[in-house]
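Novice: In my numbering, the protein residues as written are 2 to 296. Each residue gets a CB set at the ideal place from its N, CA and C atoms; glycine is no exception.
#1: Got a sec, what are the start and stop residues for the alpha helix (DSSP H) residue 39 sits in?
#2: Inspect the CB distances between the segment 162-169 and the segment 270-282 and report whether three or more fall short of 8 Å.
#3: Tell me which residues share the same chain as residue 83 and place their Cβ nearer than 6 Å to its Cβ, disregarding the 5 neighbours each side in the sequence.
#4: Taking a contact to mean a Cβ-Cβ separation below 8 Å, would you say residue 121 touches residue 130 in this structure?
#5: Hey, could you find the ends of the beta strand (DSSP E) residue 276 is sitting in?
#6: Give me the Cα-Cα distance between residue 170 and residue 181, rounded to the nearest whole angstrom.
#7: Check each candidate in 87, 246, 239 and name the one with the smallest Cα separation from residue 261.
#8: What is the residue span of the alpha helix (DSSP H) that residue 174 lies within?
#9: For residue 111, count neighbouring C-beta atoms within 10 Å of its own C-beta (all shown protein chains included) and say buried if the count is 16 or more, exposed if not.
#10: For residue 99, which three-state DSSP category applies?
#11: How would you call residue 65, buried or exposed, if buried means at least 16 neighbouring beta carbons within 10 angstroms?
#12: Using alpha carbons as the reference points, say which of 148, 7, 252 lies closest to residue 108.
#13: Determine which residues share a DSSP beta bridge with residue 65 and list them.
#14: Distance, Cα to Cα, residue 2 vs residue 198?
#15: Compare the Cα-Cα distances from residue 280 to each of 78, 88, 229 and report the closest residue.
#16: On the DSSP bridge list, what partners appear for residue 151?
#17: In this structure, what does DSSP give as the bridge partners for residue 245?
#18: When the Cα atoms are used, what is the spatial distance from residue 270 to residue 48?
#19: Report all residues from its chain with a CB closer than 8 Å to the CB of residue 40; omit the five preceding and five following residues, and keep chain order.
#20: Which residues mark the beginning and the end of the beta strand (DSSP E) in which residue 163 is found?
#21: Under the three-state reduction of DSSP, which class applies to residue 179: helix, strand or coil?
#22: In terms of residue numbering, what span does the alpha helix (DSSP H) encompassing residue 232 cover?
#23: Is residue 219 helix, strand or coil by DSSP?
#24: If you compare alpha carbons, which of 52, 94, 152 is closest to residue 288?
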């Protein structure tokens with residue numbers, strides 16, 4: 002039986018002093034199938050976050066959206082998503098048969114979230130993901146805003162694209178209380194161990210928790226479940242993809258970054274150098290209520 006965590010995750014757990022504990026917990030919570038409550042949960046959502054990797058090994062964080070019910074699980078090892086990538090989303094080029102994907106289902110207003118990593122099969126105008134790993138996440142740092150599906154929303158248009166950030170993108174980041182980050186194991190496209198895949202994760206905090214200095218973003222790594230999926234991947238493969246959402250307008254900001262973990266005593270920081278940015282106006286056909294307090 003293979004280890005639940007790969008070497009990068011184990012190294013981060015060891016640095017944090019929790020490796021022995023997580024070696025016991027991991028096999029109990031990292032499943033090769035979705036429990037029924039996870040299968041039902043995905044079916045309630047109007048969107049799902051998707052992590053993928055392009056031909057150059059760059060991870061991207063993306064979003065697929067549809068009216069609730071656009072995701073269905075026919076059995077515990079498969080999730081069918083009846084949606085196509087949004088215009089100008091990197092997923093248009095990374096989604097293919099056999100691609101490694103990371104999925105994050107999140108319901109912000111209830112602070113529920115579940116993760117699933119697996120392999121894509123294109124079919125029936127959408128994609129079916131075969132489960133590699135399935136696990137729940139804690140509700141910490143999720144801003145409790147409720148999404149509403151907006152049918153017939155106009156297709157998004159690229160407002161900015163370049164190797165760095167424009168001022169509008171910096172403003173979106175500085176105001177953000179949420180972003181999503183995709184990372185990958187170096188062997189994500191090679192198959193093999195279930196843990197050698199793609200991960201997409203939520204990061205949240207008070208508005209302004211992402212510090213912007215030129216093209217460098219710095220974020221505190223708040224205490225979570227100690228899996229260290231994101232940081233463990235970065236330890237082995239520093240490329241990452243970020244997605245920021247303008248919840249009022251439906252704008253999306255896709256970033257490619259080079260990331261590193263900075264340890265400052267008991268505080269961990271994630272420092273990321275932007276290498277490419279794409280901001281798409283009005284791309285996401287969802288609108289959101291004002292958030293409640295994060296926990």
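Specialist: Quick look at the numbers:
#1: Secondary structure note for residue 39: its alpha helix (DSSP H) is the uninterrupted segment 37-45.
#2: Pairwise C-beta distances place the segment 162-169 in contact with the segment 270-282, as three or more of them are shorter than 8 Å.
#3: So the list reads 71, 127, once near-sequence residues are dropped.
#4: The criterion of a C-beta distance shorter than 8 Å is satisfied by residue 121 and residue 130.
#5: Counting along the chain, residue 276 sits inside the beta strand (DSSP E) bounded by residues 268-282.
#6: Distance between the alpha carbons of residue 170 and residue 181: 15 Å.
#7: Residue 239 is the option with its Cα nearest to residue 261.
#8: Judged by DSSP secondary structure, residue 174 falls within the alpha helix (DSSP H) whose first and last residues are 168-176.
#9: Around the CB of residue 111, fewer than 16 other CB atoms lie within 10 Å, so the residue is classed as exposed.
#10: For residue 99, the three-state secondary structure derived from DSSP is coil.
#11: Result: buried.
#12: The shortest Cα separation from residue 108 among 148, 7, 252 belongs to 148.
#13: Per DSSP, the beta bridge partners of residue 65 are 49.
#14: Any reading at residue 2 must be qualified, since the residue scores a pLDDT of 36, below 50, and its modelled position is unreliable; no value is offered.
#15: Closest option to residue 280, Cα to Cα, is 88.
#16: Residue 151 is not bridged to any residue.
#17: Partner(s): 254.
#18: Looking at the two C-alpha atoms, the distance is approximately 29 Å.
#19: Around residue 40: 74, 77, 80.
#20: Residue 163: member of the beta strand (DSSP E) spanning 158-163, first to last residue.
#21: It is a strand residue.
#22: From DSSP, the alpha helix (DSSP H) with residue 232 extends over 230-237.
#23: Of the three classes helix, strand and coil, the one that applies to residue 219 here is strand, per DSSP.
#24: Selected option, being the one with the closest Cα: 152.
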